[in-house]
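Asks:
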Amino acid sequence: MAKRYSFLMQVNHAFDKAAALTEHDPTVLKTIKAVNSVYHIQFPILRDDGSIEVIHAWRAEHSHHKQPTKGGIRYSMAVNEDEIMALAALMTYKCAVVDVPFGGAKGGIKIARHKFSEAELERITRRYTFELVKKNFIGPGIDVPAPDFGTGAKEMAWIADTYTSLATGELNALACVTAKPVSQGGIRGRTEATGRGVYFGIREACDNPEDMKRLGLSRGLEGKRVVVQGLGNVGYHAAKFLAECGAVIVGLAEYEGAICNPKGLDVDEVVEYRRTNESIVDFPGAENVESKAALELDCDILVPAALENQITEENAPRIKAKIIGEAANGPTTGEAADILFQRGCLILPDTYLNAGGVTVSYFEWVKNLSHVRFGRMEKRFEQGAYRRLLKAVEKVTGKHFTDAEINEIARGASEEDLVNSGLEETMVMAYQQLIEIREAHEGKITLRTAALINAIDKIAASYEHLGIFP
Ligand code: NAD
Numbered sequence: 465m466a467k468r469y470s471f472l473m474q475v476n477h478a479f480d481k482a483a484a485l486t487e488h489d490p491t492v493l494k495t496i497k498a499v500n501s502v503y504h505i506q507f508p509i510l511r512d513d514g515s516i517e518v519i520h521a522w523r524a525e526h527s528h529h530k531q532p533t534k535g536g537i538r539y540s541m542a543v544n545e546d547e548i549m550a551l552a553a554l555m556t557y558k559c560a561v562v563d564v565p566f567g568g569a570k571g572g573i574k575i576a577r578h579k580f581s582e583a584e585l586e587r588i589t590r591r592y593t594f595e596l597v598k599k600n601f602i603g604p605g606i607d608v609p610a611p612d613f614g615t616g617a618k619e620m621a622w623i624a625d626t627y628t629s630l631a632t633g634e635l636n637a638l639a640c641v642t643a644k645p646v647s648q649g650g651i652r653g654r655t656e657a658t659g660r661g662v663y664f665g666i667r668e669a670c671d672n673p674e675d676m677k678r679l680g681l682s683r684g685l686e687g688k689r690v691v692v693q694g695l696g697n698v699g700y701h702a703a704k705f706l707a708e709c710g711a712v713i714v715g716l717a718e719y720e721g722a723i724c725n726p727k728g729l730d731v732d733e734v735v736e737y738r739r740t741n742e743s744i745v746d747f748p749g750a751e752n753v754e755s756k757a758a759l760e761l762d763c764d765i766l767v768p769a770a771l772e773n774q775i776t777e778e779n780a781p782r783i784k785a786k787i788i789g790e791a792a793n794g795p796t797t798g799e800a801a802d803i804l805f806q807r808g809c810l811i812l813p814d815t816y817l818n819a820g821g822v823t824v825s826y827f828e829w830v831k832n833l834s835h836v837r838f839g840r841m842e843k844r845f846e847q848g849a850y851r852r853l854l855k856a857v858e859k860v861t862g863k864h865f866t867d868a869e870i871n872e873i874a875r876g877a878s879e880e881d882l883v884n885s886g887l888e889e890t891m892v893m894a895y896q897q898l899i900e901i902r903e904a905h906e907g908k909i910t911l912r913t914a915a916l917i918n919a920i921d922k923i924a925a926s927y928e929h930l931g932i933f934p
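To convert, note that position 435 of the sequence shown is 899 in our numbering; the numbers rise steadily by one, no gaps.
1. Going by beta carbon distance, what residues of the same chain come within less than 6 Å of E547, once the five residues before and after it are set aside?
2. Between the C-alpha atoms of N679 and C809, what's the straight-line distance to the nearest angstrom?
3. Keeping to the same chain, check which residues put their C-beta closer than 6 Å to that of D762; ignore five residues upstream and five downstream.
4. Looking at the strands, I want to know which residues DSSP matches up with Y539.
5. Note down, in chain order, each residue of its chain lying with its Cβ closer than 7 Å to the Cβ of I917, except the 5 sequence neighbours on either side.
6. Around the C-beta of E903, are 16 or more other C-beta atoms found within 10 angstroms, so that it is buried, or is it exposed?
7. Please list, in chain order, all residues of the same chain as R851 whose beta carbon is under 6 Å from its beta carbon, the five residues on each side excluded.
8. For the alpha helix (DSSP H) containing I935, name the first residue and the last one.
9. Sort I787, V731 and A624 by Cα distance to E668 and report the nearest one.
10. Measure how close the beta-carbons of E799 and T815 come, nearest whole angstrom, since I'm counting them as under 8 Å.
11. Alpha helix (DSSP H) containing G798: first to last residue?
12. Look at T626 and V646 and say whether their C-beta atoms are less than 9 Å apart.
13. Under three-state DSSP, which class holds P609?
14. Quick check on this structure: which residue in E906, G886 and H929 has the alpha carbon closest to the alpha carbon of V562?
15. Cβ of L630 within 9 Å of Cβ of N832?
16. Are the region 567-575 and the region 517-528 touching by the rule of at least three beta carbon pairs closer than 8 Å?
17. Going by the DSSP bridge assignment, what does K715 pair with across the sheet?
18. Would you mind giving the Cβ-Cβ distance between G659 and K704, rounded to the nearest angstrom? I have them listed as a contact below 8 Å.
19. Confirm the yes/no value for this check: CB of T797, any heavy atom of the ligand NAD, distance under 8 Å.
20. Taking its Cβ as the centre, do 16 or more other Cβ atoms sit within 10 Å of R591, making it buried, or is it exposed?
21. How is the alpha helix (DSSP H) around H701 delimited, first residue to last?
22. Can you find a heavy atom of the ligand NAD that lies under 8 Å from the Cβ of N793?
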């Protein structure tokens, strides 16, 4: 079925809906909505067999109201200019929702990555970076990429290496890209950050007594039946954290097929099975389901964590989940969101739910600029202070703590502890803001609209007093 609206049109439509509920100057709203700059590159690449292939790639910077701009780079055959602009816009709103001081950006290379060797992928990534440098579309204070669909820490390491070798003497060069391997300036906890953030967001939603009552669900994650689409970085980690905290993963979908088991699936076992068999189909003890049909499985929470436009007006009426956790960007079309809202479903919007990645990327950027690991200065000091406190408690109470108890209680925070706690704080606070905005509108708006109102208010505030608008 032909899509009626492009991805960017969908994002802009959702923006307009939220903007209409604000009182900002129309010029300010127009400025916020506009994609500031788009760079379309075509460059030749030498294939291993000696042939030359011309590659299409893009980088879009949506908003410069805060700099640098920030957003992932995806490798997929579905990449096109409209998609990259839409994703860049979502990044702007997402950063505002979680108070990360960046404008939004996104990049993409139109390739089927499995058709390229590792050496070819490295050549493509390095050439793409070189092209971004040439046009000033990358840099610690300009535009800072990160991974997205089809990319990971390895590509980020290639980008960092290419950029630093061109930016001789630039002290902060490593801050040109985030989600690097820890050995190359990355931060602990970034790989799993988006999935962990998805877990925190879903946990917050399930902890809201009014929402759970309205949905006819019990409070808390315990026993909630979850289906996850996409077992990549975001989907895998989200499923893992949800399962660790009591949820039951009853369905998992990949592009080649899906599996379900009402008694629960072990995510690590499924991933291992897929690695060995190159498919999740026929996983022992599970029932096979057609890939897209997995979205319609009987469950409480559906987590689309693959690509955009997965839940449309066509399949929305058949979705059984009461909570949709948008781990992917734009998985639910506007029409589908309206249908689900009318049916009483709760959609946790992408602009909030998958913001854990950019939040921890922000921490990594700060680490790179400060040139010191989080926790390095205070870890031992905290440890000493807690130990002195325990000794005082022992003295007053006459109780003696075991070495194991002392080690557990009197532990200074490591980098990973601080990253995870900063991420949790961010997701909890941002959720509270969305609920407050929804309540201010008497519960008549979706959390997606609440998130966009929140973003618009914050971005509009950054234009205040500048006098550039009539
Ligand atoms: P990834 O490449 O690591 O994983 C994507 C997974 O989805 C792969 O396993 C792929 O095989 C699977 N997939 C592809 N098409 C599918 C289909 N039709 N049905 C089922 N599965 C399918 O990508 P990722 O980084 O996990 O990103 C997933 C989504 O999350 C994207 O929308 C991305 O924009 C969004 N996101 C990612 C991050 C991040 O930090 N990586 C941050 C925010 C948002």
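Think of the CB as a built atom: it goes at the ideal place given N, C-alpha and C, for glycine as much as any other residue.
Replies: In brief:
1. F471
2. Residue identity differs from the one stated: residue 679 is Leu in this sequence, not Asn. Rounded to whole angstroms, L679 to C809 spans 7 Å at the Cα level.
3. K784
4. I573
5. A482, L485, T486 and I901
6. exposed
7. A874
8. With the chain covering only 465 through 934, there is no way to say anything about residue 935.
9. I787
10. Going by Cβ atoms, the distance from E799 to T815 rounds to 18 Å, so no, they are not a contact pair.
11. G798 to Q806
12. no
13. strand
14. G886
15. no
16. yes
17. The sequence as given places Gly at residue 715; Lys does not occur at that position. Beta-bridge pairing links G715 to V691 and C724.
18. 7 Å
19. no
20. buried
21. N697 to E708
22. yes
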